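Notes for the one structure printed next.
There are 2 protein chains.
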Amino acid sequence: MATGRSHTERTRGIPEATVARLPLYLRALTGLSERSVPTVSSEELAAAAGVNSAKLRKDLSYLGSYGTRGVGYDVEYLVYQISRELGLTQDWPVVIVGLGNLGAALANYGGFASRGFRVAALMDADPKLTGKMIAGQAVRHVDELESVVRENGVSIGVIATPAGAAQEVTDRLVDAGVTSILNFAPTVLTVPEGVDVRKVDLSIELQILAFHEQRKAGDGLPPDAEPPASGPGISGAMVRRRPSSAPKSDREPGVQPA
Amino acid sequence: MATGRSHTERTRGIPEATVARLPLYLRALTGLSERSVPTVSSEELAAAAGVNSAKLRKDLSYLGSYGTRGVGYDVEYLVYQISRELGLTQDWPVVIVGLGNLGAALANYGGFASRGFRVAALMDADPKLTGKMIAGQAVRHVDELESVVRENGVSIGVIATPAGAAQEVTDRLVDAGVTSILNFAPTVLTVPEGVDVRKVDLSIELQILAFHEQRKAGDGLPPDAEPPASGPGISGAMVRRRPSSAPKSDREPGVQPA
DNA sequence: TAGATTGTTAATCGATTAACAATC
DNA sequence: TAGATTGTTAATCGATTAACAATC
Numbered sequence: 001m002a003t004g005r006s007h008t009e010r011t012r013g014i015p016e017a018t019v020a021r022l023p024l025y026l027r028a029l030t031g032l033s034e035r036s037v038p039t040v041s042s043e044e045l046a047a048a049a050g051v052n053s054a055k056l057r058k059d060l061s062y063l064g065s066y067g068t069r070g071v072g073y074d075v076e077y078l079v080y081q082i083s084r085e086l087g088l089t090q091d092w093p094v095v096i097v098g099l100g101n102l103g104a105a106l107a108n109y110g111g112f113a114s115r116g117f118r119v120a121a122l123m124d125a126d127p128k129l130t131g132k133m134i135a136g137q138a139v140r141h142v143d144e145l146e147s148v149v150r151e152n153g154v155s156i157g158v159i160a161t162p163a164g165a166a167q168e169v170t171d172r173l174v175d176a177g178v179t180s181i182l183n184f185a186p187t188v189l190t191v192p193e194g195v196d197v198r199k200v201d202l203s204i205e206l207q208i209l210a211f212h213e214q215r216k217a218g219d220g221l222p223p224d225a226e227p228p229a230s231g232p233g234i235s236g237a238m239v240r241r242r243p244s245s246a247p248k249s250d251r252e253p254g255v256q257p258a
Numbered sequence: 001m002a003t004g005r006s007h008t009e010r011t012r013g014i015p016e017a018t019v020a021r022l023p024l025y026l027r028a029l030t031g032l033s034e035r036s037v038p039t040v041s042s043e044e045l046a047a048a049a050g051v052n053s054a055k056l057r058k059d060l061s062y063l064g065s066y067g068t069r070g071v072g073y074d075v076e077y078l079v080y081q082i083s084r085e086l087g088l089t090q091d092w093p094v095v096i097v098g099l100g101n102l103g104a105a106l107a108n109y110g111g112f113a114s115r116g117f118r119v120a121a122l123m124d125a126d127p128k129l130t131g132k133m134i135a136g137q138a139v140r141h142v143d144e145l146e147s148v149v150r151e152n153g154v155s156i157g158v159i160a161t162p163a164g165a166a167q168e169v170t171d172r173l174v175d176a177g178v179t180s181i182l183n184f185a186p187t188v189l190t191v192p193e194g195v196d197v198r199k200v201d202l203s204i205e206l207q208i209l210a211f212h213e214q215r216k217a218g219d220g221l222p223p224d225a226e227p228p229a230s231g232p233g234i235s236g237a238m239v240r241r242r243p244s245s246a247p248k249s250d251r252e253p254g255v256q257p258a
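For the protein sequence lines, the chains are A and H, in the order given. Residues in the first sequence are numbered from 1 upward in steps of one, following this note's numbering. Residues in the second sequence are numbered from 1 upward in steps of one, following this note's numbering.
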């Protein structure tokens, strides 16, 4: 069931970091296309996508030589080439499992349909939800998951269930033949080799922002004191062992001897 | 308004990649904590977080020497240290702008409140939404944005508006004093230096999955033929110029001369 | 041709990881 | 003490970027 080959082998040498930026370029190009701009330079496109122009040119060079020196890139031609590289010139039926607030938001999200993704089914374990119309289609019971996947040739599943249900849903999707999963549930999923999982975690993004925000606010470091004896939801246990030998409070990890 | 200093200077040398993983570790540790596990080894914690144990130890070493050789890490103590490093031991009032499906999902998302984030206000430009109760609070009109930010000391804004409104909302948030933005709108935002933006893009995640899926399905490469004369939503213009000199169809980008 | 801009090189930077000395 | 596991080193790998020759 798993292929046993790594990503880098599979992807004809296009770096992951580049793949992750292609949709950005595609979006910027689509905007130019809608404004009927015929041609764009790497400098302009890079600015529109929010990246460095050298990086843009290097990224595009992995796809082929699609620009013209002295002129730039033909917008429509590049839209097509990136779409093809990303696999967006074909139709991808997806199934969304879990139709709470987030699942409903995803079902209604226009960005899917416009890019070759077709919502083949909306599924939920709650019988009260089955039959409810969301984004123009009736929610089906998750019991039908296997048949829906097989009948529609679904290879991409979107998980918007509570954390507790995510792994079981994943297992069933994978057993039914799904090989790519977009996970919105706050859990680490275990999947067999050959199955790709991407994770979107709302709270993690906020936590990363909080980290930087903290550095800006007080500037410099958060207090390096012992933890308080009592705090919100934190037990006294943490006050316990602090390695007595630790001389770490004043070290500078950025300055290490070569 | 901008500090003019780069991230790396500001963050006491903790690599961005490490910062991005700390919330993962925190989540895994919280799970252990709830199960009253007192101590965990780097091997176990790494498995729970889905990373390599050497990477975990290196990441934690940036925070200090919080483990005990031969024993492992004290779960509660590490929870506290990571929380503190991420700035989660303080309260972060956030404002959510845009209460369509996604905004409502975010407002209802429990993961925020449990980690020091407090939803100070829900705001929308649609007068029909103002006053509506979502997640226990009334939606307010976006006209009040500046006063809400100032009165609550909001430094983090979450944008869940349509793409067209995102930049204006951003400008207003920034003018009012917000210095971190979590952007769910499918647009590149322009912000002054010193303001952090993180972007969550649902359709981009799916596109990355499609790329890998394509490689699995047909295996190997998508057809490298000229684009079709007509295709779904693609104009004939793209058939135009293909550089005549391009000898690229058979090159191997992975094998470059050193 | 002169000007513009790509595609590529090579240097640099940052992240990952195996291995192991330190040490509980 | 013997066994276990951290914290750190150093090698490797991958990503970024300035610079510029190629060429439209």
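For every residue, glycine included, the Cβ atom is placed at its ideal position computed from N, Cα and C. Source: prediction; values computed, not measured.
Please check the pair residue i and residue j, which I expect to be a contact at CB under 8 Å, by giving their CB distance rounded to whole angstroms.
i      : j      : result
A/L56  : A/A46  : 4 Å
A/A20  : H/I96  : Not confirmed; about 26 Å, so no contact.
H/A176 : H/L145 : 7 Å
H/P93  : H/G131 : That belief does not hold up - the Cβ atoms of H/P93 and H/G131 are roughly 21 Å apart, past 8 Å.
Using a Cβ-Cβ cut-off of 7 Å (strictly less than) and excluding sequence neighbours within five positions of residue i, which residues of its own chain qualify?
i      : result
A/S53  : S42, E43, A46
H/L78  : L29, Y66
H/I14  : Y62
A/G220 : Residue placement at A/G220 is poorly supported in this model, since its pLDDT is 47, which falls under 50; the coordinates still yield a value, given next. Cβ within range, chain order: n/a, list empty.
H/A163 : A185, P186, T187
Going by beta carbon distance, what residues of the same chain come within less than 6 Å of residue i, once the five residues before and after it are set aside?
i      : result
A/A125 : V142
A/G157 : V95, L173, V178, I181
A/A48  : A28
H/A121 : V95, R140, V148
A/L26  : I82
Let me make sure I understand the geometry here. Which of the options has the alpha-carbon closest to that of residue i?
i      : options                       : result
A/V188 : H/V51, H/R140, H/L145         : H/V51
H/A17  : H/R84, H/D59, H/G98           : H/D59
H/V195 : H/L202, H/T170, H/L209        : H/T170
H/Q90  : H/L99, H/G98, H/Y80           : H/Y80
A/E205 : H/V197, H/L206, H/A210        : H/V197
H/K128 : H/G100, H/G116, H/G111        : H/G100
A/P166 : A/G136, A/K199, A/G70, A/A135 : Before going further, note that residue 166 of chain A is Ala rather than Pro in the sequence given. Cα-wise, what sits closest to A/A166 is A/K199.
A/H212 : H/A105, H/S147, H/L24, H/S155 : H/S155
A/S83  : H/S114, H/A210, H/A107        : H/A210
A/Y109 : A/A121, A/A135, A/M123        : A/A135
A/L22  : A/E85, A/V71, A/R140, A/G64   : A/E85
A/M123 : A/Q137, A/A113, A/T68         : A/Q137
Helix, strand or coil for residue i? Go by DSSP, reduced to three states.
i      : result
H/L129 : coil
H/I14  : coil
H/V94  : strand
A/V148 : helix
A/L78  : helix
H/R118 : strand
A/L35  : According to the sequence provided, residue 35 of chain A is Arg. The question's Leu does not apply to it. Three-state DSSP puts A/R35 in coil, outside helix and strand.
A/L189 : coil
A/R140 : strand
A/Y73  : strand
A/G153 : coil
A/T30  : helix
H/G100 : coil
Just curious, the beta strand (DSSP E) that residue i is in, first and last residue?
i      : result
A/K199 : 196-199
A/L182 : 180-183
Excluding five sequence neighbours on each side, which residues of the same chain lie with their C-beta closer than 8 Å to the C-beta of residue i?
i      : result
A/V75  : L29, L32, S33, V37, P38, T39, V40
H/G87  : G116
H/A160 : I96, V97, G98, L99, G100, L102, G103, L106, F184, A185
H/R150 : A176, G177
A/L24  : A49, G50, V51
A/Y73  : T39, V40, S41, S42, L45, L60, Y66, G67
By the DSSP assignment, the alpha helix (DSSP H) with residue i in it spans what residues?
i      : result
H/G50  : Per DSSP, H/G50 belongs to no alpha helix (DSSP H) and is neither H nor E.
A/G157 : Per DSSP, A/G157 belongs to no alpha helix (DSSP H); it is in the beta strand (DSSP E), 156-159.
A/S203 : 202-217
H/R172 : 163-176
H/G111 : 110-113
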